[in-house]
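Okay, structure first, notes after.
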Amino acid sequence: MNFVNLKIEQEIATVTLNRPEKHNSFNSGMLKELKQIFTELAEDKQVRAAILTGAGEKSFCSGVDLNEMVAFSSMEQARDFALLLEDANMALLQFHKPLIAAMNGHAFGGGDGLASSADVRLLTPEAKIGFPAARLGAVLPMGCTLRLNAIIGSGHSREL
Numbered sequence: 001m002n003f004v005n006l007k008i009e010q011e012i013a014t015v016t017l018n019r020p021e022k023h024n025s026f027n028s029g030m031l032k033e034l035k036q037i038f039t040e041l042a043e044d045k046q047v048r049a050a051i052l053t054g055a056g057e058k059s060f061c062s063g064v065d066l067n068e069m070v071a072f073s074s075m076e077q078a079r080d081f082a083l084l085l086e087d088a089n090m091a092l093l094q095f096h097k098p099l100i101a102a103m104n105g106h107a108f109g110g111g112d113g114l115a116s117s118a119d120v121r122l123l124t125p126e127a128k129i130g131f132p133a134a135r136l137g138a139v140l141p142m143g144c145t146l147r148l149n150a151i152i153g154s155g156h157s158r159e160l
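Take 1 as the starting number for the sequence shown in UniProt numbering and just add one per residue.
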């Protein structure tokens, strides 16, 4: 299954998170595909920019697929997943061409982290963003926190 769709038209790559039935939450497969796609696009001389968006109308990306996390049976599996997430984020950060996050719906947690890796974020008026796991005491990845503070300031970051 393609968890991420890629379409290239007129030197612009559109990368679409493709799990609308799960609010485009990312699982291991999606993270691997994101890393591969953005690594290849970075080297593709025919591509001058990229748009990252989500399939469907409700969600850009709701972050981690909690069903996959609950199924982890060891710390090694959790660590491997965290490394996949870091690798995917690094592929976006190392994409040295303009990257637009077209946030066509809600973005939570890791979805906001992905969006923070973009150069520009465009949200629909209905879109909501936030870090609900922070209310439960979960610690956000350092890179995501630093990028968010740089984008919206520490005061607004604390509100999220």
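We put the CB at the ideal spot given by N, CA and C, even for glycine.
Since we're looking at a predicted model, the values are computed, not measured.
Discussion item. To the nearest angstrom, how far is the alpha carbon of Pro98 from that of Pro125?
Written reply: In a straight line, the C-alpha of Pro98 is about 23 Å away from that of Pro125.
Worksheet item: Do the stretch 103-116 and the stretch 59-69 make contact, defined as three or more Cβ pairs closer than 8 Å?
Response: Yes: at least three Cβ pairs fall under 8 Å.
Discussion item. Could you check whether the stretch 47-54 touches the stretch 83-91, counting it as contact only if at least three pairs of C-beta atoms, one from each stretch, sit closer than 8 Å?
Written reply: no
Worksheet item: DSSP state of residue 188, grouped into three classes?
Response: Here the chain has residues from 1 to 160 only, and residue 188 is not among them.
Discussion item. Cutting at 7 Å between CB atoms, please list the residues of its own chain near Ile37, excluding the five before and the five after it.
Written reply: Val4, Leu6, Val15
Discussion item. For a test of the three-state rule: what should DSSP assign to Ser62, helix, strand or coil?
Written reply: coil
Worksheet entry | Given Lys58 as reference, the closest of Glu21, Leu34, Ala42 once Cα atoms are compared | Glu21
Item to complete: Please check the pair Gln94 and Ala42, which I expect to be a contact at CB under 8 Å, by giving their CB distance rounded to whole angstroms.
Response: 6 Å
Worksheet item: Around the Cβ of Ala71, are there at least 16 other Cβ atoms within 10 angstroms (buried) or fewer (exposed)?
Response: exposed
Worksheet item: Thinking C-beta only, is Ala101 closer than 7 Å to Ile129?
Response: For Ile129 and Ala101, no; Cβs fall outside 7 Å.
Worksheet item: For Ser25, is the classification buried or exposed, using 16 other Cβ atoms within 10 angstroms of its Cβ as the cut-off for buried?
Response: buried
Fill in: Residues that DSSP places opposite Ile37 in a beta bridge
Ile37 pairs with nothing; no bridge assigned.
Practice prompt. Could you please give me the residues that DSSP links to Leu114 through a beta bridge?
Written response: The partner list for Leu114 (beta bridge, DSSP) is empty, contrary to what the question assumes.
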